[in-house]
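Everything in the sequence shown is counted per numbering that gives the first Met the number 0, starting at 0 for the first residue and increasing by one.
Beta carbons are placed, not taken as given, at the ideal position from N, Cα and C, and that holds for glycine.
Computed from a prediction, not measured in an experiment: that's the story for all the values here.
See below for the structure under consideration.
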Amino acid sequence: MRAESIAKIHKRHAFLSEIVKEYTNLEDFAREKSEFFEMMGVKVDSGEKCVSLYFQPDYNEYEQYFVVPTGGGKLAVSHIIWWQNEVCANEILNIFTGERYDDDDAIYTNY
């Protein structure tokens, strides 16, 4: 189950990364893509440090991705997500290393 979930998460991350890669600031991204995501049932929240994209693939599941500015002047999708894992526990997870975090500050440094 976990391997299937992580494989889908990797696909969503790649899909989002393709959309985000041409943007240089959070405001433009949120303004131009909010309606697109909302039409697909994805909740978009804008903040000063990131734009979050909240997916609910199933009734008791969620995945929250974060669009963040990089040091190179572009935007990227963080490798850190919030999600409800296979035992229904909330987790902050690096989707590529499997590392778990207690604090969401890692979102801004892993992309």
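*Where does A2 land, buried or exposed, given buried means 16+ other C-beta within 10 angstroms?*
Here residue 2 refers to the residue found at position 3 when the sequence shown is read from its first residue. Answer is exposed; the Cβ neighbour count stays below 16.
*Exposed or buried, which one is H9 when buried takes at least 16 other CB atoms within 10 Å?*
Here residue 9 refers to the residue found at position 10 when the sequence shown is read from its first residue. By the neighbour-count definition (other C-beta atoms within 10 Å, threshold 16), H9 is an exposed residue.
*Give me the Cβ distance between L74 and V19, rounded to the nearest whole Å; I'm assuming they're in contact under 8 Å.*
Numbered from 1 along the sequence shown, position 75 holds the residue referred to as residue 74. Numbered from 1 along the sequence shown, position 20 holds the residue referred to as residue 19. Their Cβ separation, rounded to whole angstroms, is 5 Å, which keeps L74 and V19 in contact under 8 Å.
*Continuous beta strand (DSSP E) stretch holding I79: start and end*: Locating residue 79 in the sequence shown gives position 80, where the first residue counts as 1. I79 -> beta strand (DSSP E) spans 79 to 83.
*In the DSSP assignment, what residue or residues form a beta bridge with N93?*
Start at 1 with the first residue of the sequence shown, and residue 93 comes out as number 94. I79, per the DSSP bridge assignment.
*Does DSSP classify V41 as helix, strand or coil?*
As a working mapping, residue 41 is identified with position 42 in the sequence shown. V41: coil per DSSP, three-state reduction.
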